[in-house]
Every structure is written in C-alpha cells, then in structure tokens.
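Have a look at the structure below, then the notes.
Numbering (the working numbering), first residue to last: 38 to 534.
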C-alpha cells in the first residue's frame, strides 16, 4: 500500500467513523496519484518479492494525444477495447460522460430524445403511483377483513371467554353497520326512548332466541329482541361467508396489482437507463464554446490483467508457505482514460452521428485487492447516480417497505411459521425495489451481508500480501507498456523503448 498524505488520511478516517457512504469520494478530491517513474521491468521481475520493488514505483503511466480529422474516434476506442478483450481476463466501462455545446445539432438531438423518454417515463411513473395507492388501500382493507374474520373464528373456539368476546364484538358490529340503517326503529335509537332503555343491554346479554324468554323484560321488548336476534344469527352465517369470499377476492386482486407494478417496472427500466445515459455530465472546460459545434466525451475502461498466484509460487517468485496463508486476491489493473474533443457530424437521416477530432488517451497501471475493487465500484456507483436515485427510493421503497411483510403474508399460501427458508433465494417479491433495481443495482439485504462485504474499511497489507501486490504491480506495468506500445504501433507511431 502506498501511504496516504496525512490530510487525506484524516478525511477518510473521519468519514468512516461517521459511516459516510461516500468516504473515499471526498478523499479523491484531495489525493493525487503518484508520478510514474521509469523502472527496468526485466530486472524488477528478478528481484526478491519481499524487497517490494513494485511498491517503490507502483504506477506505470503514459499519455497519448492524437488530433486528426480523418480518424474516427470510435475506431480508436474499439481498438483498445478489443485488445483488452483478447489480452486481459475481463474489461468493463467505469465512466461514460459527454457534454455538447448548447447551439450544436448534437445537443438539440440528444435533448429531444431525452425529453421524449422523460415524458414516457413520467406517464408510467404516474400509472405506477395509481397502482401503489390501490395496493395501499387493498392492504388496509385486508387487514380489516382479517380482524373481522378473527371474531368468526372466536365463535368456534372452545374457550368460553374468547367465544363470549367474539359474539359481543359481532353484535356491536351488527348494531353499528346493519341495524342502524332502520332509522328510528334501530336498537340504538329505540334505547333513547324511556320504554326501551334496557334494550341494548338485553340484546347484548341474550345468548339465543330461546334464552330471551328467561330474561325479565316486558313482552313488547321480548318480541323485538327475538326478531332482531333471528336477523343477527342469519347475518352471522351470511356475513362470514361473504366476508371470506371477499377476503379471497381481495387477495387475488392484490396479487394482480403487485404483478402490474412488476410489469411496469420492466417497461420503465429501459427508459430510466436511457435517460441516465443521455444526461450531460462531462466536466465543462474552455474547449466547450456555446457557439461552436463541439462535443466532449469522457470515457474510462478498466482491464483486469492475468495474474496467477500459483504460477508465481511455482516459478519461485513467492515462497511455498504463501499457499497456506489466508490472503486476499490481488490483480493487475490497467485503466485507460479517454478525453475526446469532437465535431459531431450527422451520418444518416435517423439521427446518427459520427465523431472526429482530438483524442487524449491516458494508460495507467495499478494493483488492487478484492476489497479495494469492491470499494471502487461502490463509490463510483454512488458518485454516478446515488444522489438522484435516493430521492426516488425514499419516495417509494423506504415508504412502502413497512407494508412488505403484510404483502408477503397475504400473498403467501403457507402460514408464516411454515415458510420455506429457500424462499429467500428466490426472486425478490418486493415490486418497489424491483422498480429501482436497474439504477440502484441489485442490492442484498443488509442482514444477509457479512461485515466484510458491507464495510468500507480496507485493511492494510500484511508482509505476504505486500509481496503479492509487488508482483502484481510489476505485472500491471508490463501490461500497461504492452497495450500502449501495441496501440502506437497500430497507428505507425514510433515506440518509446
């Protein structure tokens, strides 16, 4: 590891203590890469790995500036990309930004496309909002139905107290929702009259029509109670059947609405991705003049080089006991940064453009371990779209996550206690997180993450890891020289060594 300047080290330390997810982004604003110093790579390969020759000069860096009106910039980019595909284990694009001058045709064309996509996306998001509202209402209705059905289950209970509580609750519901519609002849309204002041207590106390005869009441009140109890007992049977039927229908409707949100999420993903890609995010420089027809591009691709630890041990570059150590994986990295300044030319009538102009290509080698690569990807994701998407996530996923347990419970055919643990490996049933997954990345539950996966802290290398990193640094420098020399040779440029 290359020691960090004290100021940068303090920034990272404070940010990590505050659990700042962008800890290393603040560091990057202050830190500067070490200068590339010439190293005889042939001699370095022969040195003892524990001499840490790689750490003494950890970076290989070369810059090439090529300005031509006859060469397509796409050709230059794809030549390097194809070389990485053939010579490296893998390659990936880290950044892809552009910005066009305000009066250029390219700016107008991209702006028009983005506006169309935004309009379509907003229509779909509006539809999603309506479905989400419907889901909220359905969930609350189902919870209310569930509470009502608990009373009917209580009627069949062998527990006398639970049974009495259930029938009293149902009588209260019947008086409030069914009998009250009679108007002045409803039990509650009649109880306000002097002759029927005890009718509510009598109705609640009567266990059946037969038991009414044993209650000490006048005949007029008894006849009313017998008639109302007969209606109540019939209502219990009918209402339980209808409520159960409606409960099942509402659950099916909830499943239908959930599937609708998932369907919308599939439709909207391409629009949201394209809108993000069409954002003009490149750094503004003096090269961008509003009145000129100019477009600037910033592209970064990273190549993961081939580095086999077993081969290093077999060749005697590392000791045999290295195999027995619990060490992190290291790999040589080659980063190629493109800065294009182009005059866009319309190549067809469908809105396609060709680009010719000035290219500044920088080749840099590094060596990173698995923890550093994870943090790199995490921080780049946050710097790219994290701020923007956190607003959408807060408006949907976070606000509705409280309902997810209820949704899962209503949609599950099994009781909660009998749920299959293997379900956790199946597709995410949360439609709200599915809606944002293309932009936020496929996030695992924090509970399922190990501390090492979730932590932004990077441990220092031990002695063996330093030796491995040193060998990976040398391999990375060799890869960087190779791709730089091959690129120059492909354009008939003179080599530098």
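Where is the CB? At the ideal position from N, CA and C, for every residue including glycine. The model shown is predicted, which means the values in this text are computed figures rather than measured ones.
Point to revise | Distance, residue 138 Cα to residue 326 Cα | key: 6 Å
Exercise. From residue 87 to residue 355, what distance separates their C-alpha atoms?
Worked result: 8 Å
query: Considering only residues of the region 137-196, which uninterrupted alpha helix (DSSP H) runs meet the minimum length of 4 residues and lie entirely inside it, listed in chain order?
result: 142-192
Original post:
Would you call the region 492-501 and the region 395-413 touching, i.e. three or more CB-CB distances under 8 Å?
Top reply: yes
Item to check | Residues near residue 510 by beta carbon distance below 6 Å, same chain, minus five either side | outcome: 91, 95, 404
May I have the straight-line CA-CA distance separating residue 227 from residue 234, to the nearest angstrom?
7 Å
Cβ pair count under 8 Å reaching 3, the region 372-382 against the region 345-354: no
**Report entry** Other residues of its chain near residue 517: CB distance less than 8 Å, five sequence neighbours each side excluded
**Finding:** 97, 98, 99, 371, 400, 401, 402
* To do: Taking all protein chains shown into account, decide if residue 507 is buried (16 or more other Cβ within 10 angstroms of its Cβ) or exposed.
  => buried
**Stretch pair the region 112-127 + the region 337-344: three plus CB contacts closer than 8 Å** = yes
**Message:** Tell me the DSSP secondary structure of residue 426 in three-state form.
**Reply:** Per-residue confidence for residue 426 stands at a pLDDT of 49, beneath the threshold of 50, marking its modelled position as unreliable; no derived number is given.
TODO: Could you tell me which residues DSSP puts in a beta bridge with residue 396?
DONE: 103, 377
> Apart from the five residues on each side of it in sequence, which residues of its chain come closer than 6 Å, Cβ to Cβ, to residue 459?
Replying inline: In this predicted model, residue 459 has a pLDDT of only 47, less than 50, meaning its place in the structure is not dependable enough to derive any value.
Subject >> Whole-angstrom C-beta distance between residue 267 and residue 246, which should lie under 8 Å >> reply: 6 Å
Item to check | Neighbourhood of residue 200 by C-beta, 7 Å cutoff - its chain only, sequence neighbours within 5 removed | outcome: 191, 192, 194
message = Since residue 515 and residue 78 should fall inside the 8 Å C-beta cutoff, what is the C-beta to C-beta distance between them, to a whole number of angstroms?
response = 6 Å
Assuming contact is defined by CB atoms lying nearer than 7 Å, are residue 179 and residue 287 in contact in what I supplied? yes
Am I right that residue 162 and residue 417 are in contact with their C-beta atoms under 8 Å? What's the rounded C-beta distance? Residue 162 to residue 417, Cβ: 26 Å. No contact.
In three-state DSSP terms, what is residue 369?
strand
*Find the nearest neighbour of residue 133 within the set 522, 314, 444, judged by alpha-carbon distance.*
314
Which residue or residues does DSSP assign as beta-bridge partners of residue 128? 340
My output table needs one value for residue 250: the three-state DSSP class, helix, strand or coil.
coil
Self-check item: Assigned secondary structure, residue 73 (DSSP; H/G/I helix, E/B strand, else coil)
Solution: coil
- Message: Within a Cβ cutoff of 7 Å, which residues of the same chain sit near residue 258, ignoring the five residues on either side of it in sequence?
- Response: 233, 236, 239
In this structure, does DSSP put residue 382 in helix, strand or coil? strand
Helix, strand or coil at residue 332 according to DSSP, with G and I counted as helix: strand
For residue 328, is the classification buried or exposed, using 16 other Cβ atoms within 10 angstroms of its Cβ as the cut-off for buried?
-> exposed
- So, is residue 307 buried or exposed, given that buried needs 16 or more other C-beta atoms within 10 angstroms? exposed
Counting C-beta neighbours from all protein chains within 10 Å, is the total for residue 513 16 or more, i.e. buried, or is it exposed? buried
Rounded straight-line distance, which links the Cα of residue 447 to that of residue 205 = 27 Å
Worksheet item: Are there 16 or more other CB atoms within 10 angstroms of the CB of residue 203, so buried, or fewer, so exposed?
Response: buried
Helix, strand or coil: which one does DSSP assign to residue 221?
helix
- Residues bridged to residue 310 by DSSP? None, per the DSSP bridge assignment.
| message | Please classify residue 147 as buried or exposed, where buried requires at least 16 neighbouring CB atoms within 10 angstroms. | response | buried
Among 344, 290, 291, 500, whose alpha-carbon lies nearest the alpha-carbon of residue 126?
344
Please report the distance separating the alpha-carbon of residue 373 from that of residue 289.
53 Å
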